[in-house]
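Trainee:
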Amino acid sequence: MANNRRNSELTEAMQAIGEMAAALLQQGLNHGTTETQGLIEFRRNKPTQFNGEYGPEKAELWIREIEKIFYAMNCTDKQKITYSVFMLVGEAENWWDNTKRLLEGQGVMITWDIFRTKFLEKYFPNDVRREKEIEFMQLKQGNMTVGQYAAKLKNQENILPSFTIAMKG
């Protein structure tokens, strides 16, 4: 009799554990599905990968491209970082792994602004940015046609959008 009661209690406990495990598994699957769906939606917009190849224009344009997608998708800071890091490959991916480890070791909470700042410091450093600003300020039409000059101005504006906005404002 005591043996039957004990078996019954064990059976009930095993069932309860099984139900809890199923509930936890379902929670995990639901969470993963949401994250996966967000990444799938992000990838549908065909963002380009960034490999760390030198070219300040490439870095600035890459950031602007993915920020445009983030805006359209109404992404959170966490999603922005996750999706951006997903698009880093090669040297850029290694750079972020090391940078993230350093920041976390210093107790820094990584936000989109921190990621963006660190990314541009690495791939569009301030000295290069200043050179581009000087080049923009000293741009002269010279022997260029009006069309060539306008195209050159537009190119500089695309490279330095925040600088040209400040100049206009």
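The numbering of the sequence shown is our numbering, which starts it at 20 and goes up by one. Beta carbons: idealized from backbone N, C-alpha and C, even for Gly. Just so it is clear, the structure is predicted and the values come from calculations on it, not from any experiment.
With a CB to CB cut of under 7 Å and the five nearest residues on each side skipped, what residues in its chain are close to SER27?
Mentor: The answer is none, since no qualifying residue turns up.
Trainee: Within 8 Å, do at least three Cβ pairs link the region 92-109 to the region 54-64?
Mentor: Touching, yes, given that three or more Cβ pairs across the two stretches are closer than 8 Å.
Trainee: What is the DSSP secondary structure of PHE138, counted as helix, strand or coil?
Mentor: PHE138: helix per DSSP, three-state reduction.
Trainee: Tell me which residues share the same chain as GLY74 and place their Cβ nearer than 7 Å to its Cβ, disregarding the 5 neighbours each side in the sequence.
Mentor: No residues qualify anywhere along the chain.
Trainee: When the Cα atoms are used, what is the spatial distance from ASN64 to GLU123?
Mentor: Spanning the two alpha carbons is a distance of roughly 30 Å.
Trainee: Under three-state DSSP, which class holds LEU48?
Mentor: No answer about LEU48 holds up, because its pLDDT of 46 lies below 50 and its placement is not dependable.
Trainee: Quick one, which of GLY126, LYS97, TRP81 and ASN23 has its alpha-carbon nearest MET106's?
Mentor: That would be TRP81, whose Cα lies nearest to the Cα of MET106.
Trainee: Counting along the chain, where does the alpha helix (DSSP H) carrying LYS77 start and finish?
Mentor: Residues 75-92.
Trainee: ARG135 to GLU31, Cα distance in whole Å?
Mentor: So the two alpha carbons sit approximately 53 Å from each other.
Trainee: Is the separation between the beta-carbon of GLU79 and that of PHE143 shorter than 8 Å?
Mentor: Yes, these two residues count as a Cβ contact at 8 Å.
Trainee: Looking only at DSSP bridge pairs, what is PHE69 linked to?
Mentor: DSSP, once it has assigned bridges, lists LEU107 as partnering PHE69.
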